[in-house]
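Participant: Residue numbering for the sequence shown follows our numbering, beginning at 305 and increasing consecutively.
All C-beta atoms in this analysis are idealised placements derived from N, C-alpha and C, irrespective of residue type, glycine included.
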Amino acid sequence: MIERIIRYSIQHKLVVGLGVLLLIALGVRAMMRLPVDAVPDITNNQVQVITIAPTLATLEVEQFVSYPIEQALSNLPEVHELRSISRFGVSQVTVVFD
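1. So, is Ser-370 buried or exposed, given that buried needs 16 or more other C-beta atoms within 10 angstroms?
2. Can you name, in chain order, every residue of its own chain whose Cβ lies under 8 angstroms from the Cβ of Gly-393, other than the five neighbours on each side?
3. Since Val-351 and Val-399 should fall inside the 8 angstroms C-beta cutoff, what is the C-beta to C-beta distance between them, to a whole number of angstroms?
4. Spell out the partners DSSP gives Ile-389 in its beta bridges.
5. Looking only at C-alpha atoms, which of Val-383, Leu-377 and Arg-391 sits nearest to Asn-349?
6. Taking the alpha carbon of Ile-354 as the point to measure from, which residue in Ser-395, Glu-307 and Asp-402 has its own alpha carbon closest?
7. What residue range does the alpha helix (DSSP H) around Val-353 cover?
8. On the CB-based measure, 16 or more other CB atoms within 10 Å of its CB, does Ser-390 come out buried or exposed?
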């Protein structure tokens, strides 16, 4: 099978050359039609607040750090989602806006 393709390609160089030119032309045409934006669309606007409290346990981080930050950030306009993670000594609060 491969030998037949190779033999045909060697015997019909013009057909192979025209096929390659056609593929190149189609590739250039497809590349020119691709939409390109100067400014990309940012669909998910979010802010992360990471706080380090090395002496606090997980429950204390949640109670004294994460919860007050969540309460303060929940009053912001156009808040879509508010989530937090509390670990030993670290709090991460993420706010996603519309």
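Facilitator: Reading from the atomic positions:
1. buried
2. Ile-356, Ala-357, Pro-358, Thr-359, Leu-360 and Val-365
3. 5 angstroms
4. Gln-396
5. Val-383
6. Ser-395
7. Careful: Val-353 lies outside any alpha helix (DSSP H), inside the beta strand (DSSP E) at 349-356.
8. buried
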